[in-house]
Every structure is written in structure tokens, then in C-alpha cells.
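Engineer:
Numbering (this note's numbering), first residue to last: 494 to 614.
(1) At what residues does the alpha helix (DSSP H) containing residue 614 begin and finish?
(2) Using a Cβ-Cβ cut-off of 8 Å (strictly less than) and excluding sequence neighbours within five positions of residue 571, which residues of its own chain qualify?
(3) Hey, could you find the ends of the alpha helix (DSSP H) residue 527 is sitting in?
(4) Going by alpha carbons, who is nearest to residue 523 out of 599, 607, 580?
(5) Identify which residue in 521, 562, 532, 497 has its Cα closest to the Cα of residue 592.
(6) Measure the alpha-carbon distance for residue 558 versus residue 552 and round it to whole angstroms.
(7) From residue 587 to residue 526, what distance separates their C-alpha atoms?
(8) Between 561, 589, 578, 582, which has its C-alpha nearest residue 518's C-alpha?
(9) Can the beta-carbon of residue 529 be found less than 7 Å from the beta-carbon of residue 584?
(10) Have a look at 499, 547, 533 and flag the residue whose alpha-carbon is nearest the alpha-carbon of residue 564.
(11) Secondary structure at residue 607, three-state DSSP: helix, strand or coil?
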């Protein structure tokens, strides 16, 4: 039986990470992210959300809860508006696909290690 060092395993993990970075899922994610970053409407909405979030922090700090409710409602409206943009939906879907791939890899490694351990008992 061959024993591997931590360094060898990390080296293989980096190799695997580089492979994942070159998948269709990650390529689509990068292209979707670039489109979002270049989309004026999306960027304007995001800036407005951030401005309102900062205002909410200040209102919470000064315990102005009635005004805070209004600002939080506005943030929800803006978030809904962003979420309805097809480009954003595409981006979120690509995030999900990349995340699913990473979870599948982690589960496969975990299941395989567990199986190997159980078979060697």
C-alpha cells in the first residue's frame, strides 16, 4: 500500500481545482458575471441597494425602527427587481451549477474515503 503525504494530496487538490476552473460550468459563470458587471441597470440597482443597506444600518443604530421598516421594504423591492432580470437569473443559475459541481466532488471524495476505510477493516 502506498502512503501519500499531505503535500502530495494538496498538490492533487490544486490540480483538481485547476480542472474545475476549466469546466463549462465555470466558464459560463465567468461570462455571466462579466455581463452583470457591464450591465448599467443591474449596477445602478446594486448601488441603490447598497445605499439603502447603509441607511438601514444607521437607522438601526439610532433605533429609528419605523423608518427602518420602510428602508427594508425598499431594499426588498429593489432585490426583487434585480432578481427578475434574466441576466441575473442566468448568473444565479450558473452559481448553483458551479456549487453543485463542487458539492459533488466533495461528496465523491468523502464517500470514496469512507468506502476505502470500511473495506480495509
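Glycine included, C-beta positions come from ideal geometry on N, C-alpha and C.
As the structure is a prediction and not an experimental result, all values here were calculated from the model.
Structural biologist: The short version:
(1) Here residue 614 belongs to no alpha helix (DSSP H), and DSSP marks it neither H nor E.
(2) For residue 571, where only same-chain residues beyond five positions count, the Cβ hits under 8 Å are 538, 541, 542, 545.
(3) Run containing residue 527: 517–531, per the alpha helix (DSSP H) assignment.
(4) When only C-alpha atoms are compared, the closest one is 580.
(5) Closest by alpha carbon: 521.
(6) Put simply, the backbone Cα of residue 558 is about 7 Å away from that of residue 552.
(7) Near 9 Å, if we compare the C-alpha coordinates of residue 526 and residue 587.
(8) Comparing Cα positions, the closest option is 589.
(9) Judged by beta-carbon spacing, residue 584 lies within the 7 Å limit of residue 529, meaning their Cβ atoms are closer than that value.
(10) Of the listed residues, the one whose Cα sits closest to residue 564 is 547.
(11) In the three-state scheme derived from DSSP, where H, G and I count as helix and E and B as strand, residue 607 is classed as helix.
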